[in-house]
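A.B. asks: Structure incoming, see below.
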Amino acid sequence: MDHKYIDELDIVDRYLMGKLPVDESARFEEHFVDCSDCTDRLETTKAFVEGLRLVASERAPEARINIPKGRFWYLRSRKAFALAAGVLSLVVLASAVLVFNQIRRSRAEADQARSVSAQWERRYEEEHQAASSVDAKHQETERELTRQLNQLQAEIEKQERTGIAHQYDGSKQPQINPLIFDLVSARGGESSSASTNELIIPRSPTSFSITVALEEEGSYKDYRMTILGDHGQLIWKGSGFKPNRYNALSAGFNSTLFRDGDYLLTVEGVAGDGNASVLGKYSFRVVKTP
Amino acid sequence: MNLVSTNSGTELVELVRRIIAGDSAAEDAVVQRYRQGITVIIDQIVRSQSATEDVSQETFRIVLEKIRRGDLRQPERLSGFVCSVARNAAIDYIRRARRLENREENCDAEHIPDPAPNQLDEILKQEKSRVVRQIINELKIERDRDLLNRYYIAEQDKDRICEDLHLTRTQFNNVIYRAIARFKELYVRRVGRPER
Ligand SMILES: [Zn+2]
């Protein structure tokens with residue numbers, strides 16, 4: 001990667017905004033880690049953007065956005081600073097910070113299914129592991145995954161359009177709240193009735209994501225997830241999942257799939273030879289609000 | 291895309307060879323060479339200056355240990371290896387922080403350390419916002435303020451902003467360049483390096 005390429009494609013900004021594809025991000029890291037020009041630019045731009053965001057948030061009205069428990073704790077720790085007289089345009093855009101942070105998070109959830117970050121992370125330590133063969137079943141799951149991704153992407157774009165509309169309407173608070181539920185695993189032997197995770201979702205059809213953190217990085221080809229209802233009936237099944245950069249899996253759903261009640265999500269790691277191991281069970285309760 | 295230039299590759303192979311031979315100066319050279327870059331990588335994931343320092347130290351501990359043991363089988367790929375270890379260490383940190391947080395929520399324990407940014411982070415934040423406020427106030431054209439906000443806060447597409455504000459890409463780049471150069475000047479004057 002050379003500097004002409006980096007400049008022309010705004011690689012520094014896109015890296016900092018988290019907009020680079022995982023493989024390109026890794027290539028850029030491999031370049032800048034040994035390039036003081038690029039690290040200088042990255043540090044300065046990052047500090048400048050942080051400053052801009054802080055100024056914007058100082059002028060933001062009290063946010064009413066619900067950030068789901070347990071995820072991105074550092075986002076929750078921001079405190080409002082004392083307000084000073086300031087630039088009017090920032091007041092409007094302060095709302096946009098919150099809106100776009102939410103959108104970006106949703107986008108990350110969609111991107112993660114395509115993510116090859118686990119491959120990159122292991123790339124240098126395990127050196128050229130044999131590529132796994134792609135069979136018909138895998139292709140089928142890929143198609144299913146693509147369908148889900150497209151659905152989620154469409155929802156994100158819809159949210160994004162709404163977000164931009166809100167951005168220039170100073171009378172409105174941000175309304176967008178892409179639902180992302182971070183599930184905590186059930187303790188050994190716990191039944192699904194002892195749900196530690198409560199998913200409060202609107203009764204009207206709504207898209208939301210469920211994420212689960214993987215406890216450790218295994219050498220799995222990919223992961224599959226199954227959701228059973230309280231009578232053990234199959235509600236949903238998906239495969240071909242890859243962990244995102246936070247070593248978490250996520251899947252997008254529509255609320256119409258669920259009724260009020262208890263569910264059990266099982267995560268399995270699928271090895272190169274097709275053998276699957278159960279990695280975690282996550283009980284959760286769906287509560288629909290009117 | 292060229293990943294490893296030949297000169298740099300030869301240099302890295304030599305550094306790795308010296309570390310395996312027990313040369314501590316070569317270890318220092320690796321730390322000096324990559325310290326700044328891995329700080330960026332780690333901070334991008336952990337988002338806390340104090341945590342970044344801890345994770346950075348852990349990264350070098352692992353990197354040097356693996357090199358000494360001869361675990362790095364492609365020494366010319368040292369940069370990629372360092373990035374990979376840094377990413378893994380940062381992800382590991384996030385995972386541990388999440389576990390702590392879950393435990394805290396489940397046990398309602400008050401003694402578990404808060405992973406929130408520390409005092410130093412807060413002071414640096416205040417400095418950054420102070421400098422940015424000054425830059426915004428110095429901007430004479432409202433359009434430039436709008437551009438910065440649209441691009442960096444709303445993260446709108448560059449072409450779309452250019453179209454809306456009737457700017458060429460060069461004019462756009464100039465606004466960004468001037469603002470960041472001014473930021474660097476003021477911020478470095480106050481606190482030193484931008485990373486701090
Ligand atoms: Zn460079």
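Chains A and B, in that order, are what the protein sequence lines are. So the first sequence is numbered by the numbering used here: it starts at 1 and just counts up by one. So the second sequence is numbered by the numbering used here: it starts at 291 and just counts up by one. The beta carbon of each residue, even a glycine, is placed where N, CA and C say it ideally should be.
(1) Is aspartate 10(A) near ligand 1 - that is, is its Cβ less than 7 Å away from at least one heavy atom of it?
(2) With distances taken from CA atoms, which of Ala387(B), Val465(B) and Gln334(B) is nearest isoleucine 431(B)?
(3) From what residue to what residue does the beta strand (DSSP E) around tyrosine 263(A) run?
(4) Could you tell me whether any Cβ in chain A is nearer than 8 Å to the Cβ of glycine 299(B)?
(5) Please decide whether serine 36(A) counts as near chain B, where near means a Cβ-Cβ distance under 8 Å.
(6) Residues of chain B with a CB under 9 Å from the CB of threonine 211(A): which are they?
(7) Quick one: which chain A residues come within Cβ less than 8 Å of valine 421(B)?
(8) Can phenylalanine 241(A) and tyrosine 263(A) be called in contact, C-beta distance under 8 Å?
(9) Given 8 Å as the limit, is there contact between the stretch 296 to 310 of chain B and the stretch 233 to 253 of chain A, that is, 3 or more CB pairs closer than that?
(10) How long is the line joining the alpha carbons of isoleucine 451(B) and threonine 342(B), rounded to whole angstroms?
(11) Counting only Cβ pairs nearer than 9 Å, list the residues of chain B close to valine 267(A).
(12) So for serine 298(B), helix, strand or coil by DSSP?
(13) Tell me whether glutamate 215(A) sits in a helix, a strand or coil according to DSSP, three-state version.
(14) Taking the C-alpha atoms as reference points, what is the distance between glutamine 409(B) and lysine 415(B)?
(15) Who are asparagine 251(A)'s beta bridge partners in DSSP?
(16) Shorter than 8 Å from the beta carbon of asparagine 464(B) to some beta carbon of chain A?
(17) Smallest Cα separation from threonine 349(B): which of Leu390(B), Arg468(B), Asp411(B) and Tyr383(B)?
(18) Assuming serine 36(A) and glutamine 334(B) make a contact with CB atoms under 8 Å, what is their CB distance in whole Å?
(19) Taking 7 Å as the cut-off, is the C-beta of cysteine 35(A) nearer than that to any heavy atom in ligand 1?
(20) Thinking C-alpha only, which one of Gly229(A), Asp10(A) and Asp23(A) is nearest arginine 459(B)?
(21) With 9 Å as the limit, tell me which residues of the stretch 307 to 335 of chain B have their beta carbon closer than that to any beta carbon of chain A; keep them in chain order.
(22) Between the C-alpha atoms of glycine 291(A) and serine 255(A), what's the straight-line distance to the nearest angstrom?
(23) Give a yes or no on contact between the stretch 21 to 34 of chain A and the stretch 363 to 382 of chain B, applying the rule of three or more CB pairs nearer than 8 Å.
(24) With isoleucine 235(A) as the anchor, note down where its alpha helix (DSSP H) starts and where it stops.
(25) Whole angstroms is fine: what's the gap from arginine 472(B)'s alpha carbon to isoleucine 425(B)'s?
(26) Determine whether the Cβ of aspartate 10(A) lies closer than 8 Å to any Cβ atom of chain B.
(27) Would you report the Cα separation of threonine 266(A) and isoleucine 180(A), rounded to the nearest angstrom?
(28) What would DSSP say about glutamate 160(A), mapped onto helix, strand or coil?
(29) Give the secondary structure of glycine 229(A) by DSSP, where H, G and I count as helix, E and B as strand, and everything else as coil.
(30) Judging by CA-CA distance, which residue of Cys38(A), Thr39(A), Ile6(A) and Thr45(A) is the nearest neighbour of arginine 468(B)?
(31) Is tyrosine 441(B) closer than 8 Å to lysine 448(B) when the C-beta atoms are compared?
(32) CB threonine 39(A) to CB valine 330(B), shorter than 8 Å?
(33) What is the C-beta distance between glutamate 417(B) and arginine 351(B), in whole angstroms, given that I count them as a contact (C-beta under 8 Å)?
(34) If you follow the alpha helix (DSSP H) that alanine 26(A) is in, where does it begin and where does it stop?
(35) Who are glutamate 198(A)'s beta bridge partners in DSSP?
(36) How is serine 277(A) classed by DSSP in three states: helix, strand or coil?
C.D. replies: With the given structure in hand:
(1) Flag unset: Cβ of aspartate 10(A) not near ligand 1.
(2) Considering only alpha carbons, the answer is Val465(B).
(3) Bounds of the beta strand (DSSP E) holding tyrosine 263(A) are 261 to 270.
(4) At a cut-off of 8 Å between beta carbons, glycine 299(B) makes no contact with chain A.
(5) It does: the Cβ of serine 36(A) has a partner Cβ on chain B nearer than 8 Å.
(6) Residues of chain B passing the Cβ test: none, with the nearest at roughly 11 Å.
(7) Near valine 421(B) (Cβ distances below 8 Å), the residues of chain A are Gly51.
(8) Not closer than 8 Å, so no.
(9) The stretch 296 to 310 of chain B, when compared against the stretch 233 to 253 of chain A, does not touch it at the 8 Å Cβ threshold.
(10) Computed Cα separation, rounded: 34 Å.
(11) Here the premise fails: no neighbours, minimum Cβ distance about 15 Å.
(12) The answer is helix: DSSP assigns serine 298(B) an H, G or I state.
(13) The DSSP-derived three-state label of glutamate 215(A) is coil.
(14) So the alpha carbons of these two residues sit roughly 10 Å apart.
(15) Position check: residue 251(A) holds alanine in this sequence, whereas asparagine was assumed. Paired residue(s): Ile210(A).
(16) Against chain A, the CB of asparagine 464(B) has no partner CB under 8 Å away; the residue lies outside that interface.
(17) Here the closest residue by C-alpha is Tyr383(B).
(18) Not confirmed; about 17 Å, so no contact.
(19) Indeed, a heavy atom of ligand 1 lies less than 7 Å from the Cβ.
(20) Measuring from the Cα of arginine 459(B), the nearest candidate turns out to be Asp10(A).
(21) Listed by position, the residues of the stretch 307 to 335 of chain B near chain A (Cβ gap below 9 Å) are Arg323, Tyr324, Gln326, Gly327, Ile328, Thr329, Val330, Ile331, Asp333, Gln334 and Ile335.
(22) This structure cannot settle anything about residue 291(A), because the visible part of chain A is limited to 1 through 290.
(23) With a cut-off of 8 Å, the stretch 363 to 382 of chain B and the stretch 21 to 34 of chain A count as touching, because enough Cβ pairs lie within range.
(24) Run containing isoleucine 235(A): none in the alpha helix (DSSP H); it sits in the beta strand (DSSP E), 234 to 241.
(25) Rounded to the nearest angstrom, the two C-alpha atoms are 7 Å apart.
(26) Closer than 8 Å: yes.
(27) Each residue's alpha carbon lies about 18 Å from the other.
(28) The predicted position of glutamate 160(A) is uncertain, since its pLDDT is 45 and thus under 50; no value can be drawn from it.
(29) The answer is strand: DSSP assigns glycine 229(A) an E or B state.
(30) Checked all of Cys38(A), Thr39(A), Ile6(A) and Thr45(A); the closest Cα to arginine 468(B) is Thr45(A).
(31) For lysine 448(B) and tyrosine 441(B), yes; Cβs fall inside 8 Å.
(32) Result yes, Cβ atoms of threonine 39(A) and valine 330(B) sit closer than 8 Å.
(33) Not quite, the Cβ-Cβ distance comes to about 31 Å (not below 8 Å), so this is no contact.
(34) Alanine 26(A) -> alpha helix (DSSP H) spans 22 to 32.
(35) Beta-bridge analysis with DSSP links glutamate 198(A) to Arg285(A).
(36) Judged by DSSP in its simplified three-state form, serine 277(A) adopts strand.
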